[in-house]
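*Asks:* In case it helps, mature numbering (1 follows the signal peptide of the UniProt record, and there is no 0) puts the sequence shown at residues -25 to -1, 1 to 208. Think of the CB as a built atom: it goes at the ideal place given N, C-alpha and C, for glycine as much as any other residue. Pasting a structure here, questions to come.
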Amino acid sequence: MKVNCMIAAVVVFAVFCFAVNDVRAHMHNMMKYASVMSTDGKYQLQWAYNNETGMLYFKMKCQSTDGWCGVGFADNAVNPTGKNMENFDIAIGGFTDVGYVWDFWSTSKIRPTLDTMQDVTLMDASQMNGYTMVEFKRPANSSDTDQDVAITNDTKVWIMFGSAASDITNNSTFSQHDVRQLLPMTYNLIAMAMDAAAATDPPVTTASAAKCGGSYAVASVFLALTARFVLSS
């Protein structure tokens, strides 16, 4: 009986973890993202904002096979033209056997320096069909006042993209970008993210609803059967 109870407890724990992870993944997928794209379609940035946690979530996509992808932000109040890579807060990421992303600071047209405080967190990375995709999160207003751009409700930023054909093996001596693009206008990231979040939801299809509810239903059935097994042991 003791062995059976131990097995049942392990099963309950595994199913519980499955259900929790599934809920987290579903909540993340439910986030609505604002989006900008370069005029040539080679670069795209999507982002969402959690007003309760103050966290920004980014998805960047670059036309780059087997190389890194980067995005940078410069406060319009500090760099009014967005030029010369002055005071850009940069995230560079990619995918080898695993994903990676690092936080950099740029003061001029030279290789950016690695931030002392790393405020970006990798969420996912992949390479497919000639594109590198990196998902990461960072606080909108971090405690790094020297090497991070504080993104507040009224901050307007320049957005710069960059990419290279080779991955980063050393985050202090990597090759500079092969291609760099500065978008032609500034953006209020928080306002755009909040507008996207307030947008009307598209109708949920039957297939999506079934898929979403299915995993929760399975978890519930497993938990019920396991509880019955424990009680009858």
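1) Going by CA-CA distance only, name the one from Thr40, Pro55, Ala168 that's closest to Gly29.
2) Take every Cβ of the region 87 to 106, pair it with every Cβ of the region 57 to 72, and state whether three or more of those distances are shorter than 8 Å.
3) Assuming contact is defined by CB atoms lying nearer than 8 Å, are Val132 and Asn51 in contact in what I supplied?
4) Hey, could you find the ends of the beta strand (DSSP E) Ala49 is sitting in?
5) DSSP on Asp170, reduced to helix/strand/coil?
6) Tell me which residues share the same chain as Lys34 and place their Cβ nearer than 6 Å to its Cβ, disregarding the 5 neighbours each side in the sequence.
7) For Ala31, which of Lys112, Tyr162, Asp153, Tyr106 has the nearest alpha-carbon?
8) Alpha carbon to alpha carbon, what distance is there between Tyr162 and Lys84?
9) Checking 8 Å against the spacing of the C-beta atoms, do Ser138 and His152 come in under that value?
10) Any idea if Ser10 is buried or exposed, counting beta-carbon neighbours within 10 angstroms, 16 or more meaning buried?
11) How is Ile134 classed by DSSP in three states: helix, strand or coil?
12) Taking Gln38 as the reference, give the member of Asp72, Ser81, Gln19 with the closest Cα.
*Replies:* According to the structure data:
1) Ala168
2) yes
3) yes
4) Here the beta strand (DSSP E) through Ala49 covers 44 to 50.
5) helix
6) Gln21, Glu110
7) Checking the sequence, you will find Leu at residue 31 rather than Ala. Cα-wise, what sits closest to Leu31 is Lys112.
8) 22 Å
9) yes
10) exposed
11) strand
12) Gln19
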